[in-house]
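Inspection log for the structure reproduced underneath, given as structure tokens.
There are 2 protein chains.
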Amino acid sequence: AIVARGIEMIYQSGAERFRALKNIDLDVKRGDIQLLMGPSGSGKTTLLSILAGILTPTAGSVSLLGEEIFKLSGSKLAHFRLQNIGFIFQGFNLFPALTAIENVEVALNLKGIRKGAARQQALGLLDQVGLSQQAKRHPQDLSGGQKQRVAIARALAGNPRLIMADEPTAALDSHNGHAVIELLRNLAKEKGRTVLIVTHDPRIIDVADSVAYLEDGVLKAGAHR
Amino acid sequence: AIVARGIEMIYQSGAERFRALKNIDLDVKRGDIQLLMGPSGSGKTTLLSILAGILTPTAGSVSLLGEEIFKLSGSKLAHFRLQNIGFIFQGFNLFPALTAIENVEVALNLKGIRKGAARQQALGLLDQVGLSQQAKRHPQDLSGGQKQRVAIARALAGNPRLIMADEPTAALDSHNGHAVIELLRNLAKEKGRTVLIVTHDPRIIDVADSVAYLEDGVLKAGAHR
Ligand SMILES: Nc1ncnc2c1ncn2[C@@H]1O[C@H](COP(=O)(O)OP(=O)(O)OP(=O)(O)O)[C@@H](O)[C@H]1O
Ligand SMILES: Nc1ncnc2c1ncn2[C@@H]1O[C@H](COP(=O)(O)OP(=O)(O)OP(=O)(O)O)[C@@H](O)[C@H]1O
Ligand SMILES: [Mg+2]
Ligand SMILES: [Mg+2]
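Note that the protein sequences, when read in sequence, are chains A and B.
First residue of the first sequence: 51, per my numbering; consecutive thereafter.
First residue of the second sequence: 51, per my numbering; consecutive thereafter.
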């Protein structure tokens, strides 16, 4: 479902030229849970953003569900991402002016699900991450782990076929962390979604089909399990 | 060094009245490493913010280094915090308009350390968290774990006697996480600082003198080790 070839990323800021990703190839089969691990600063967020079409690589190609995403026009790519990818950001990126439930409802609205149906599905998603009591809170009135869980609920809205998560359990304790891992495992194994997870959390290794390691922008595949 | 008695925190937002902390007592001896663990939403950030004087409790008292902090005037409290507390925020709270090194230098300036001395100390602190190569970057051009490490360096600036850290290893991999834990351990055991750490990270338990658990706003002390 995900095929990346020859990915290069060079960040240019002023005189500085930093090669963050070096000639990366990656294959993820449909319905698999693929982990991406590695030291802080190794390029995981950069790679995930490129695989999700959020960031354009300096070189290389990415094919998602058979579609060469960087050959699409800007608006076609935006539409493709909306329809097919649920992205969980490392920094959550919630809309501060909206409540928890509105944050999820907006994602549903963008997929054509509205009003009563949107409200119901949003409540269901918040319930899955243990946040039904916090539906009307704004992000500033939520704990770190609660914000992370709203971001997870929002990414899962509308059942995207590809889920890309950047450290989805970083702010979570043992119980909530396990609940999220189980949620992601179920989406892949019972519902056939393809799940790509960047993580430092060794607990997630147990549910992975494959683990790859990034170090200084170079990808080494762990053994396919 | 830290004595908290009868801490209550009630958040009021509109009609909602939420009791986040319930009659909390805590004692932390000087030079100890105290851990505060518990589920997402249990009140850890709230309690830490109160212990640091950043948030005023609905009831109760906090004494730091013998000083009753909520009896101080606003400016005296601000001055006391500046002189004595290094705080690492769960969301890092870096100044986006400043570079990594400037973020640390500003903290030193506020303590009367300037120019050459500030630059040198800032570089030393960044080096301790493995970021000497990233000194001139702005926060938006840093990875999640790099931002966390700048926040740590900044909190340690000027050698504060109390260090309060809200999930300081959440965004860090194994190697960097261990380096930070060792840094904090050394500050307590070799340099006599008092270190209070909110964490979900079980690796930190090994260096702790005491572990307390928060659940739904109620504190239970773990055994003093
Ligand atoms: N401004 C606020 N208004 C209302 N409720 C709040 C506010 N800030 C925090 N809360 C609630 O208080 C409780 C404790 O929040 P806190 O941020 O202290 O939790 P935490 O233990 O740090 O969680 P995490 O591990 O997820 O960071 C949570 O249920 C949270 O939703
Ligand atoms: N806009 C940018 N300009 C320059 N360098 C950048 C920029 N964004 C990221 N980098 C650098 O690229 C490298 C990879 O960053 P990335 O955010 O992908 O790391 P990461 O593996 O996700 O780290 P972490 O585990 O800390 O989140 C880092 O060294 C980072 O400093
Ligand atoms: Mg990252
Ligand atoms: Mg918190």
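Note that beta-carbon positions come from the ideal geometry of N, C-alpha and C, so glycine has one too.
Every value quoted in this text rests on a predicted model; they were computed, and no experiment measured them.
Taking 9 angstroms as the cut-off, the beta carbon of Arg199(A) is found closer than this to the beta carbon of Leu222(A). Rounded to whole angstroms, Arg235(A) and Thr219(A) show a C-alpha spacing of 13 angstroms. Of the other Cβ atoms in all chains shown, 16 or more fall within 10 Å of the Cβ of Gln84(A); this residue is therefore buried. Proximity to Gly64(A) across His228(B), His188(B), Met214(B) peaks at His188(B), based on C-alpha coordinates.
Taking 9 angstroms as the CB threshold, Thr95(B) lines the interface with chain A. Counting only runs of 4+ residues, the alpha helix (DSSP H) found wholly inside the region 176-222 of chain B occupies 194-206, in chain order. Inclusion of Leu86(A) and Ala262(A) in the CB contact set at 9 angstroms is warranted, their separation being smaller than that value.
Cβ-Cβ distances below 8 angstroms link Gln133(B) to Lys161, Pro210 in the same chain, with the five nearest sequence neighbours on each side left out; the list follows chain order. As the crow flies, the alpha-carbon of Ala201(A) is around 33 angstroms from that of Leu76(B). Cβ-Cβ separation between Gln196(B) and Ser111(A): approximately 28 angstroms, too far for a contact (criterion under 8 angstroms). Asp266(B) is positioned such that its CB atom lies no closer than 9 angstroms to that of Thr95(B). With contacts defined by Cβ atoms closer than 9 angstroms, Arg204(A) and Asn153(A) form a contacting pair. Within chain A, the residues placing a beta-carbon under 7 angstroms from that of Asn226(B) are Pro89, Ser90, ordered along the chain. The residues Gln178, in chain order, have a CB closer than 7 angstroms to that of Leu233(B) in the same chain once the five nearest residues on each side in sequence are set aside.
In the three-state scheme derived from DSSP, where H, G and I count as helix and E and B as strand, Leu132(B) is classed as helix. Taking the Cα of Val248(A) as reference, the smallest distance to any Cα among Gly242(A), Ile231(A), Ser182(A), Lys241(A) is reached at Ile231(A). Cβ atoms of Leu101(B) and Leu264(B) stay farther apart than 8 angstroms, at about 12 angstroms.
For the pair Ala54(A) and Gly136(A), the CB atoms are not nearer than the 9 angstroms cut-off. Ala221(B) has its Cβ nearer than 8 angstroms to a heavy atom of ligand 3. Listed by position along chain B, the residues whose Cβ is nearer than 8 angstroms to that of Glu217(A) are Gly194, Ala221. For Gln198(A), the nearest beta carbon of chain B is closer than 9 angstroms to its own beta carbon. The residues Ser99, in chain order, have a CB closer than 6 angstroms to that of Leu105(B) in the same chain once the five nearest residues on each side in sequence are set aside. For Ser63(A), the uninterrupted beta strand (DSSP E) run begins and ends at 52-63, by DSSP. In the DSSP assignment, Ser123(A) falls outside any alpha helix (DSSP H) and carries neither an H nor an E. Here the distance from the Cβ of Gly194(A) to the nearest heavy atom of ligand 1 is below 8 angstroms. In terms of CA proximity to Gln140(B), Leu192(A) leads the group Ser123(A), Tyr61(A), Ile74(A), Leu192(A). With its beta carbon less than 9 angstroms from one in chain A, Ser63(B) belongs to the interface. Counting along the chain, Ser99(B) sits inside the alpha helix (DSSP H) bounded by residues 94-101.
When the beta-carbon positions are compared, Ile163(A) and Lys186(A) stay at least 9 angstroms from each other. Interface residue (Cβ-Cβ distance to chain B less than 9 angstroms): His250(A) is classified as such. Its Cα nearest to that of Leu114(A), the residue Gly103(A) stands out among Ser123(A), Thr108(A), Gly124(A), Gly103(A). Beyond the five residues adjoining it in sequence on each side, Arg131(B) comes within less than 6 angstroms, by CB distance, of Gly103 in the same chain, given in chain order. In this structure, Gln84(B) has its beta carbon at no less than 8 angstroms from each heavy atom of ligand 1. Interface criterion met: the Cβ of Gly141(A) is under 9 angstroms from a Cβ in chain B.
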